[in-house]
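What follows is a short report on a single structure.
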Amino acid sequence: MNTPERFEFKFLITAQQRDRWLAHFADTLRADTNAGDGGVYPIVSLYYDTPDRRCYWEAWRRVPSRRKLRVRVYGTACGGIPPTCFVEIKHKLDGLGVKRRVQTTLPRALAIGAGIEDAESFAPPEARVVREVQRLVQVDGFRPVCTLRYRRHAFSLNVENLSEPLRITFDDEIAGRIRDLDPLPDDPRHDFTLLPPGHIVMEVKGVGAVPYPIVAMLTKCGLSPRSYSKYCAALRLAGLSPS
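Below, the structure is given as structure tokens:
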């Protein structure tokens, strides 16, 4: 399944700045209805890369066309938010992002990530994604490298003259590990944290131009977009980044 081309801007902010955003847009922000109370849910992702860390280097160098492979698990172990699993290829092309993904069970997702799942057992749109994963694994040598977990606050924001709402997310408690990599729903295991306490990754996602109310608020808060990869930051902290 493909999602439309979109913009995606990241910002490193503090908890106080997040609260300011939530207060400013309180009348138009809507919490993610698929998440728990207040649009909060855990995310656990298994990231893949080549032995020479191609994904790391392409992100660092901002290569215009690059792919990222991951298995992502949403939801809680207790079932309060039913666990959902995806195999995702995130393709960035000239600043725009396209996400291709397959929803399946966690064991089957890991089998796809290992390149051993039969693509023909899926419907044609998903089969194309599975075959793309197979090429990344079997030809390019993608393998599991690290697992990241964090808590996400997700909202939609309706803005006048936009064809669809913006999506604004706040990720905190970001942590990772490079052992026992297979992910679990709301997996608590980690070896290191990526940001100091009270620091957050904010993402603004949408289609088309960034609307004026968002630009005005960014200016008011003195925020500028920056390149930030959780995966690359995790590799540096774990001592796995290439020299």
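The numbering of the sequence shown is my numbering, which starts it at 193 and goes up by one. Glycine is no exception: its CB is placed at the ideal position from the N, C-alpha and C atoms. Given the structure is predicted, the values throughout are model-derived calculations rather than measurements.
| query | result |
| --- | --- |
| With DSSP run on the structure shown, which of helix, strand or coil describes Pro196? | Here Pro196 scores only 47 on pLDDT, less than 50, and its place in the model is too uncertain to base an answer on. |
| Determine the burial state of Tyr240: buried for a count of at least 16 other Cβ atoms within 10 Å of its Cβ, exposed for fewer. | buried |
| Using beta-carbon positions only, say whether Lys202 and Pro417 come within less than 9 Å of one another. | yes |
| Return yes when the Cβ of Ala367 is within less than 9 Å of the Cβ of Arg341, no when it is not. | yes |
| Could you say which of Ala269, Ala346 and Thr220 lies nearest to Ile392 if we only look at CA atoms? | Ala346 |
| Is the beta carbon of Pro375 closer than 9 Å to that of Trp232? | The sequence given here has Val at residue 232, not Trp. No. Outside cutoff. |
| Find the nearest neighbour of Thr385 within the set Phe278, Asp364 and Asp372, judged by alpha-carbon distance. | Asp364 |
| Pick from Pro336, Pro403 and Asp378: whose alpha carbon is nearest that of Val351? | Pro403 |
| By the three-class DSSP mapping on this structure, what secondary structure does Glu356 have? | coil |
| Using the rule of at least 16 other Cβ atoms within 10 Å of the residue's Cβ for burial, across every protein chain shown, is Gly267 buried or exposed? | buried |
| Identify every residue that forms a DSSP beta bridge with Met409. | None, per the DSSP bridge assignment. |
| Pull up the CB-CB distance for Glu280 and Arg293, whole angstroms please, since I reckon it's below 8 Å. | 4 Å |
| Compute the Euclidean distance between the alpha carbons of Asp211 and Arg428, then round it to the nearest angstrom. | 29 Å |
| So, with DSSP's three-state summary, where would you put Ala247? | The question names Ala, yet the displayed sequence has Cys at residue 247. DSSP places Cys247 in helix when its eight states are reduced to three. |
| Mind checking which residues open and close the beta strand (DSSP E) that includes Glu280? | Thr276 to Leu285 |
| For Asp310, name the three-state secondary structure that DSSP assigns. | coil |
| Along the alpha helix (DSSP H) that carries Tyr423, what are the first and last residues, could you check? | Lys422 to Ala430 |
| For a quick check, are the C-beta atoms of Leu432 and Cys338 less than 9 Å apart? | yes |
| For the stretch 217–236 against the stretch 315–323, do three or more pairs of beta-carbon atoms, one drawn from each stretch, fall closer than 8 Å, so that the two count as touching? | no |
| What residue range does the beta strand (DSSP E) around Arg222 cover? | Leu221 to Ala223 |
| Within a Cβ cutoff of 8 Å, which residues of the same chain sit near Thr511, ignoring the five residues on either side of it in sequence? | What is shown of the chain runs 193 to 435, which leaves residue 511 out entirely. |
| For Pro388 versus Tyr248, is the C-beta spacing smaller than 9 Å? | no |
| For the stretch 323–378, which segments carrying the beta strand (DSSP E) assignment without a break, of at least 3 residues, lie completely within its bounds, in sequence order? | 335–349 and 358–369 |
| For a test of the three-state rule: what should DSSP assign to Ile304, helix, strand or coil? | helix |
| Suppose you measure from the CA of Thr276 to the CA of Ala303; what does that come to, to the nearest Å? | 16 Å |
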